[in-house]
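Participant:
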Amino acid sequence: MKVIVTSEGKNLDSKVDQRFGRAKYFMLVDTDTMEYQVIDNEAVSQGGGAGVKAAQITIDSGAKVLLTGNVGPNAYEVLKSGGMDIIVGVNGTIREAIQKFKSGELKSEGGPNVASHHGLQ
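For the sequence shown, the residue numbers in the working numbering are 484 to 604.
Okay, here's the thing in structure tokens:
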């Protein structure tokens, strides 16, 4: 299964970025083989609408599950409408997050866990 994870760096030992729309990178990971692809987040420098743009990038990646720290309401709606399963509150490294996901420790949330424009600090 392919999952996409917000990432601060470009390898599996990078930390999960707690921001969704303004994450530095997205890491597309095959949970069976642990092969991965780094996707630059083109939305990171946008003045507004970063969450929605980032949501479209993740949907276009072909992943069915998103692992991230936080996601706001606008991005959440776009992700859900694109068929994405959203898991928030994820921390640690990308590798640790994937292992927790595979073992069933991480569960989908019922909605966004931060307000709009949360990552603009």
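Glycine included, every Cβ here is placed at the ideal spot set by N, Cα and C.
Hey, out of V527, Q529, V512 and S528, whose CA is closest to V521's CA?
Facilitator: V512
Participant: Can you grab the Cα-Cα spacing for the pair A538 / E588, in whole Å?
Facilitator: 24 Å
Participant: Pick helix, strand or coil for Q520, following the three-state DSSP scheme.
Facilitator: strand
Participant: Decide yes or no for the touch test of the region 546–558 against the region 484–492: beta carbon pairs closer than 8 Å, at least 3 of them.
Facilitator: yes
Participant: Which residue spans inside the region 534–569 form an unbroken beta strand (DSSP E) run of at least 3?
Facilitator: 548–550
Participant: Is the Cβ-Cβ distance between V561 and V597 less than 8 Å?
Facilitator: Result no, Cβ atoms of V561 and V597 do not sit closer than 8 Å.
Participant: DSSP puts F509 in a beta bridge; with which residues?
Facilitator: T489 and I522
Participant: Using DSSP with H/G/I as helix, E/B as strand and the rest coil, what is K590?
Facilitator: In the three-state DSSP reduction, K590 falls in the coil class, being neither helix nor strand.
Participant: With burial defined as no fewer than 16 other Cβ atoms inside 10 Å of the residue's Cβ, what is the status of D500: buried or exposed?
Facilitator: buried
Participant: Just the Cα atoms here: how many angstroms apart are T516 and A546?
Facilitator: Taking the straight line from one Cα to the other gives about 15 Å.
Participant: According to the neighbour-count rule (16 or more other Cβ atoms, all chains shown, within 10 Å of its Cβ), is D496 buried or exposed?
Facilitator: exposed
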